[in-house]
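Participant: One structure follows; several queries about it will come next.
2 protein chains.
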Amino acid sequence: MAAAAQYVTTENSALDAPENLPDPLPEPLIGELQLEDVMGALADPLRLTIVRKLMLESDSYDHTCGWFGFDRPKSSLTHHFKALRQAGLIRQRQYGLERRSRVRTEDLNDRFPGLLDLVASWHEA
Amino acid sequence: MAAAAQYVTTENSALDAPENLPDPLPEPLIGELQLEDVMGALADPLRLTIVRKLMLESDSYDHTCGWFGFDRPKSSLTHHFKALRQAGLIRQRQYGLERRSRVRTEDLNDRFPGLLDLVASWHEA
DNA sequence: TGCTATGTTCGAGATTACTCGTACAGACCA
DNA sequence: TGGTCTGTACGAGTAATCTCGAACATAGCA
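Structure follows, in structure tokens:
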């Protein structure tokens, strides 16, 4: 994988939602998204599953790490969620104890149109 | 990256071309293409460049390893071309001394529609 | 205060990938 | 026969990644 983009904390507390959400964790800006990083992040079956499940089964809102029901140690999950966030695939916000994730659908469709469709049509092995 | 698919030598000497081409080197069949392998292969800038250049500048036919003009040792190039072939992104045929490559456009568009468009619209860093 | 639940950070070990030099193989040609 | 040119195979060193255990941090609650 290529070098990750530098992080910038985006401030949009009152812009993208009526309710004031917690600020997102550090993530690359839209213009900093790198195709090679995104590809590298999706080169792992577990991470592919995370993004796909978030896209298709996330009824209304962000989901916690435990919502996925993976039988893996917590530190492993932290690792993969962090990889997805640093590549720009998901946005994470801290809600008290829980850290909830959502797919950066708008940004990704804007920058890499068709990419999320590939993930959605992926059938797990 | 996930485990690579098993190889099968496809025999299509008289099917896909009027002229009889040399048989392709071992490569995964269409049904064996794995999204995570493809993503992993495209997670490298040099390999992204290879596929993109083959797509956009390959006027009529397959191209050799040296056509790209990379300033890298030969063994490194072999490594990356092999990675692309094993992931199913390119097809390689042996023409005497030269090993020529082309993108598996039809297969990829059939299996992962939109993927090659992402590669084509990639701007190199 | 103490317990529980969520998730992080750190570090180690194992595995995989990348890079490259060297040696080798085969086709072509003088 | 010998030289050149294309590209492979193998191995070593380096770097990155994956996986996981252990210890830690914090919010909520009784």
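Chains as they are written, first to last, in full-length UniProt numbering: chain L, 1 to 125; chain U, 1 to 125. Where a beta carbon is used, it is the ideal one built from N, C-alpha and C, also for glycine.
1. Please list the partners that leucine 115 of chain U has in chain L, where partner means a Cβ-to-Cβ separation under 7 Å.
2. Could you check which residue in L/Arg102, L/Glu98, L/Tyr61 and L/Lys74 has the C-alpha nearest to that of leucine 84 of chain L?
3. Bridge partners of glutamate 98 of chain U, per DSSP?
4. Taking DSSP as the reference, what is the three-state secondary structure of glutamate 57 of chain L?
5. Which of helix, strand or coil does DSSP assign to proline 45 of chain U?
6. At 7 Å on the CB atoms, spell out the chain U contacts of glutamate 43 of chain L, in chain order.
7. Going by DSSP, name the residue or residues bridged to isoleucine 90 of chain L.
8. Residues of chain L with CB under 9 Å from leucine 48 of chain U, in chain order?
9. For the alpha helix (DSSP H) containing leucine 25 of chain U, list its first residue and its last residue.
10. Alpha carbon to alpha carbon, what distance is there between leucine 115 of chain U and glycine 31 of chain U?
11. Tell me whether the stretch 34–49 of chain L and the stretch 91–107 of chain L touch, counting them as touching only if at least three CB pairs, one residue from each stretch, are closer than 8 Å.
Facilitator: Judging by the given coordinates:
1. By one-based count along the second sequence, residue 115 of chain U stands at place 115. In chain order: Leu118.
2. The residue labelled residue 84 of chain L in the question sits at position 84 within the first sequence. Nearest option by C-alpha distance: L/Arg102.
3. As a first step, residue 98 of chain U is located in the second sequence; it is residue number 98 there, counting from the start. BP columns for glutamate 98 of chain U point to U/Tyr95.
4. For this step, residue 57 of chain L is matched to residue 57 along the first sequence. Of the three classes helix, strand and coil, the one that applies to glutamate 57 of chain L here is helix, per DSSP.
5. Within the second sequence, numbered from 1, the residue matching residue 45 of chain U stands at position 45. Helix at proline 45 of chain U.
6. Mapped onto the first sequence, residue 43 of chain L falls at position 43. Checking the displayed sequence, the identity of residue 43 of chain L turns out to be alanine instead of glutamate. Under the 7 Å cutoff, chain U gives Met1, Glu36, Met39, Gly40 and Ala43.
7. For the purposes of this step, residue 90 of chain L is identified with residue 90 of the first sequence, where counting begins at 1. For isoleucine 90 of chain L, which the question treats as bridged, DSSP gives the partners L/Val103.
8. One-based indexing of the second sequence puts residue 48 of chain U at position 48. Those within 9 Å of leucine 48 of chain U in chain L are Leu35, Glu36 and Met39.
9. The residue labelled residue 25 of chain U in the question sits at position 25 within the second sequence. Note, leucine 25 of chain U: premise wrong, no alpha helix (DSSP H); not H, not E.
10. Indexing the second sequence from 1 puts residue 31 of chain U at position 31. Indexing the second sequence from 1 puts residue 115 of chain U at position 115. Going by the C-alpha atoms only, they are around 16 Å apart.
11. no
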